[in-house]
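Visitor:
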Amino acid sequence: MAYFAASVDEPELNKKFAESLDLDFPILSDPDKETASDYGVLNKERGFANRWTFYIGKDGKILDIDKNVKAAEHGRDIAKKLAELGVEKK
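Position one of the sequence shown corresponds to residue 3 (my numbering), numbered consecutively onward.
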C-alpha cells in the first residue's frame, strides 16, 4: 500500500510543511494545477484544490472518493474505509 498527499503549492512550500509536521509520507506538488483539474478537485473560484481523498486500487481504478474530509477525524475515516475496502497495510 502507498499513500501520499497532493497540493497545488510549490514544492519548497510542501517540503517545509511536511517537515514541520514530521510526516511519514510525501506531499506531491501540482503548482500548475493540471492534475487537480484533471481529477475534478480544483476549486477555480478560490484557486485551491478541495480536500478529497481518493482510494485507488492496485489496478489504477478509483475505488472510492471521500469528498467530506474533516481533518480532525480523517485518520480514523481512512482506517475505516480501508477496512471496508479490504485493504491491509503491509
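Note that beta-carbon positions come from the ideal geometry of N, C-alpha and C, so glycine has one too.
1. Quick check: L30 and A38, are their CB atoms within less than 7 angstroms of each other?
2. Got a sec, what are the start and stop residues for the alpha helix (DSSP H) L30 sits in?
3. Can you tell me whether N70 is helix, strand or coil according to DSSP?
4. Taking the DSSP output, what are the residues bridged to Y57?
5. Give the straight-line distance between the Cα atoms of P28 and K60, rounded to the nearest whole angstrom.
6. What first and last residue would you give for the alpha helix (DSSP H) that runs through A4?
Guide: Inspection of the coordinates gives the following:
1. No; because the gap between Cβ atoms is not below 7 angstroms, this pair is not in contact.
2. Looking at the DSSP string, L30 is not in any alpha helix (DSSP H); the run it does join, the beta strand (DSSP E), is 29-31.
3. In this structure, DSSP gives N70 a state outside helix and strand, which the three-state scheme calls coil.
4. Answer is D66, bridged to Y57.
5. Looking at the two C-alpha atoms, the distance is approximately 19 angstroms.
6. A4 -> no alpha helix (DSSP H), and no H or E assigned at all.
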